[in-house]
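Here the sequence shown stands for residues 5 to 160, numbered as in the working numbering.
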Amino acid sequence: MIDKKRLQTFDLVKFIAIFCVLWGHIIQFICVGTCYENPFYQKIYAFHMPLFMAVVGFFAYRVLSASFIDLIKKKITQLILPGLAYSVIICIIMKYTNWGGVFDILLFSLWFLKSAFLSLIIFYICAINTRLRPYFIVISLIVSQVVYLYQFYLLY
């Protein structure tokens, strides 16, 4: 077995980001009134998802060794299918508890996985062609600012 050395700094960064996600969601549910005025909530939500995306971006260079089709297959398996499975389970629960909003759950739950998927695909397209890379990067940055689905404009 090949022993890959882990970057413990990134494990710590991921731990901090996960802790912030959990703490932010706890604040949402225990806060009296609106949570948006809570100073801890504001601080956490100012950085935790961009921090996750920065970590994803740091390791994104690894995708360049795969073909585009292999990348799509791998990232659908890693990012989209788990999100879809979770969404289906939640939809089944919602059907029997009358929570409603099944379509919204399928479309918007685990939005950050879908945003990571889109970001990796665009990164691949931009990075694979070295001659046109500067143009692709500029175009992708402009396009990212008009795609509001899955908060892509904030996380790309």
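Glycine residues also receive a C-beta, built at the ideal position from the N, C-alpha and C atoms.
| Query | Result |
| --- | --- |
| For alanine 21 versus leucine 55, is the C-beta spacing smaller than 8 Å? | yes |
| Would leucine 114 and tyrosine 90 be called neighbours here (beta carbons separated by less than 8 Å)? | yes |
| What is the rounded straight-line gap between the Cα of methionine 57 and the Cα of isoleucine 34? | 27 Å |
| Helix, strand or coil for phenylalanine 112, going by three-state DSSP, please let me know. | helix |
| What is the DSSP secondary structure of threonine 134, counted as helix, strand or coil? | coil |
| Spatial neighbours of tyrosine 45 within its chain, please: CB distance less than 8 Å, with the 5 preceding and 5 following residues excluded, ordered by chain position. | Gly28, Ile31, Gln32, Cys35, Cys39 |
| Cutting at 7 Å between CB atoms, please list the residues of its own chain near isoleucine 48, excluding the five before and the five after it. | Cys24, Trp27, Gly28 |
| Please state whether DSSP places lysine 118 in a helix, a strand or coil. | helix |
| In its own chain, which residues sit with a C-beta less than 7 Å from the C-beta of methionine 5, not counting the 5 before and 5 after it? | At methionine 5, the pLDDT of 47 sits below 50, so the modelled position is not reliable and the matter cannot be decided from this model. |
| Work out the CA separation of glutamine 12 and valine 150 for me, nearest whole Å. | 36 Å |
| Just how far apart, CA to CA, sit lysine 18 and valine 59? | 8 Å |
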